[in-house]
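See structure below.
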Amino acid sequence: MVPFQLALERFFQDFPNVAALMETAWGWPILECIHFIGLTLLFGSIAAWDLRLLGVAREVPIIAFHRLVPYAVAGFAINAASGMFFLMTTPNQYIYNPAFHLKMLCVGIAGANVLVFYLTIFRGIARLGPGARGPAFARFSGLASLVLWSIVIVCGRMITFYRPEVCQPGDPVGFVATCIVR
Amino acid sequence: MFEPLYLWLESSAFSIWMRESPSMFAFPGILAAHTVGLAFIAGLSAALDLRVLGVARGVPPAALTRFLPYMWFGLWVNIVSGLAVLMAYPTKALTNPVFYLKLGLIAAGLVMLKPLLRWARGGSNDASATTRLLAACSLAAWAAAIAAGRLLAYTCNRLTVDSPC
Chain A
1 MVPFQLALER
11 FFQDFPNVAA
21 LMETAWGWPI
31 LECIHFIGLT
41 LLFGSIAAWD
51 LRLLGVAREV
61 PIIAFHRLVP
71 YAVAGFAINA
81 ASGMFFLMTT
91 PNQYIYNPAF
101 HLKMLCVGIA
111 GANVLVFYLT
121 IFRGIARLGP
131 GARGPAFARF
141 SGLASLVLWS
151 IVIVCGRMIT
161 FYRPEVCQPG
171 DPVGFVATCI
181 VR
Chain B
1 MFEPLYLWLE
11 SSAFSIWMRE
21 SPSMFAFPGI
31 LAAHTVGLAF
41 IAGLSAALDL
51 RVLGVARGVP
61 PAALTRFLPY
71 MWFGLWVNIV
81 SGLAVLMAYP
91 TKALTNPVFY
101 LKLGLIAAGL
111 VMLKPLLRWA
121 RGGSNDASAT
131 TRLLAACSLA
141 AWAAAIAAGR
151 LLAYTCNRLT
161 VDSPC
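Residue numbers (my numbering), protein chains in the order written: chain A, 1 to 182; chain B, 1 to 165.
In structure tokens:
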């Protein structure tokens, strides 16, 4: 794990131009705004699909909601790209951060969930009409997606509070102020 | 003029707990809940706006009102968590114009939600140009509210009653 982290750190340190751009007054704040708007697009579109899998708005065929999925993919692409900017600027704040590790793990599991869903039950679900309940795995997959993306958001927000050597969890002296307020 | 109010809020036990508790369930956890709530209310609003703009035309607009309980869930999580975060640093938020901009944009998003829901319940599958424009403005208002909220971390005049930023 450690050599892998060192290699990652070395890789992401190789973008001094990006880092310089991010360290301008507006660089980091603008990328954060984009990252948060991306998360909303991703979560909102996929939540509508997941909720239908769970049985909400059952009068509508499941497949009708599938047109929203490309917007979730767009939100994911925006966030994968904007996330890289943060990594290229301060790689060690992420690569050695437990909140970031859990976030990436959940992104990975959510991705595996999507892959298994499309490889197994998607074709069957696409043929279902109004009022259909779908197989148990569809409900499981929808719930897993909602829970995983929520954990991703929570972990993303927690990265700030686990920044190595900047913010020490458990340090009662100005804990919040040192993590959040400059 | 509001100094006594800020001072009173800041010296309350809850405010001190929010600022000083080392627990991850205090300030960090509440801030994380605020982001999840945002994803529910703004995210599902965006899904409704997209439907108005012609995405997923196979979904009858009235069906989208089924997502309302989840949107209200997000909104209430954010009202409660937002008040808690406000209590942590009341002077910081209340002396920052960006904070009022954020509240105004959220209000605009919620006000626009009303006619959009009325359209959804109306039973027509295609939205008029006016309703489409409203949906586009709703998307813009939520995006701007998110950006304004994010920028609160970078803009402030005063941290607490007796300390500058």
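The C-beta atom is built at its ideal place from N, Cα and C for all residues, glycine as well.
Computed from a predicted model, the values in this text were never measured in an experiment.
With respect to the alpha helix (DSSP H) encompassing residue i, which residues constitute its N-terminal and C-terminal limits?
i        : result
A/Arg196 : Examination of residue 196 of chain A is not possible in this model, given that chain A is present from 1 through 182 alone.
A/Arg139 : Ala136 to Met158
A/Arg163 : Segment: none, A/Arg163 is in no alpha helix (DSSP H) and carries neither H nor E.
A/Tyr94  : Asn92 to Ile95
A/Ala64  : First-last for A/Ala64: undefined, no H or E at that position.
B/Arg57  : No alpha helix (DSSP H) holds B/Arg57; DSSP gives it neither H nor E.
B/Ala135 : Ala129 to Leu151
A/Ala72  : Val69 to Thr89
Got a sec? Which residues, its chain only, sit under 8 Å from residue i by beta carbon, not counting five neighbours each side?
i        : result
A/Val166 : Gln93, Thr178 and Cys179
A/Pro98  : Tyr162
A/Leu128 : Pro61, Ile62, Ile63 and Gly134
B/Leu38  : Gly74, Asn78, Ile146 and Gly149
B/Arg158 : Thr91, Lys92, Thr95, Pro164 and Cys165
Can you tell me which of the three DSSP states residue i falls into?
i        : result
B/Leu101 : helix
A/Leu40  : Per the sequence presented here, residue 40 of chain A reads as Thr, with Leu not at that position. Looking at A/Thr40 - three-state DSSP - the assignment turns out to be helix.
B/Arg19  : helix
B/Thr95  : coil
B/Thr65  : helix
A/Glu9   : helix
B/Ala84  : helix
B/Ser45  : helix
A/Gly27  : helix
A/Val114 : helix
B/Met1   : coil
B/Gly109 : helix
A/Ala19  : helix
B/Phe25  : coil
B/Glu10  : helix
A/Glu32  : helix
B/Tyr70  : helix
B/Ala39  : helix
A/Leu54  : coil
A/Ala132 : coil
B/Gly122 : coil
Who are the Cβ neighbours of residue i in its own chain at under 7 Å, not counting the five residues just before and after it?
i        : result
B/Ala88  : Ser15, Met18, Arg19 and Phe27
B/Leu101 : Ala148
A/Ala48  : Phe65 and Leu68
A/Glu59  : Pro130 and Gly131
B/Leu64  : Leu48, Arg51 and Ala120
B/Glu10  : Pro90, Thr91, Thr160 and Val161
A/Gln13  : Pro91
Of all the options the options, which has the alpha carbon lying nearest to the alpha carbon of residue i?
i        : options                                   : result
B/Ser45  : B/Val36, B/Met71 and B/Thr35              : B/Met71
A/Gly85  : A/Pro164, A/Phe4 and A/Asn17              : With the sequence shown as reference, residue 85 of chain A is identified as Phe, and Gly is not the correct amino acid for it. That would be A/Asn17, whose Cα lies nearest to the Cα of A/Phe85.
A/Ala136 : A/Gly124, A/Ala25 and A/Pro130            : A/Gly124
B/Asp49  : B/Lys114, B/Ala153, B/Lys92 and B/Thr155  : B/Lys114
B/Leu116 : B/Trp76, B/Leu68 and B/Asn78              : B/Leu68
B/Gly183 : B/Gly109, B/Pro61, B/Arg66 and B/Val161   : Chain B is shown from 1 up to 165; residue 183 of chain B falls before or after that span and cannot be answered.
A/Val154 : A/His101, A/Leu54, A/Tyr71 and A/Leu31    : A/His101
A/Ser45  : A/Arg157, A/Ser145, A/Val176 and A/Gly156 : A/Ser145
A/Leu143 : A/Arg52, A/Gly156 and A/Leu115            : A/Arg52
B/Gly104 : B/Ala145, B/Ser124 and B/Ser128           : B/Ala145
A/Gly27  : A/Gly75, A/Lys103 and A/Thr89             : A/Thr89
A/Tyr118 : A/Ser150, A/Ser141 and A/Ile151           : A/Ser141
A/Thr40  : A/Val114, A/Met104, A/Tyr71 and A/Ile95   : A/Tyr71
A/Asp50  : A/Val152, A/Val73, A/Gln168 and A/Ala138  : A/Ala138
B/Leu53  : B/Ala136, B/Gly29 and B/Leu83             : B/Ala136
Mind checking who residue i pairs with in its DSSP beta bridge?
i        : result
B/Pro164 : B/Arg158
In chain order, what residues of the same chain lie with their CB nearer than 6 Å to the CB of residue i, ignoring the 5 residues before and after it?
i        : result
A/Thr160 : Cys179
B/Ala108 : Ala141
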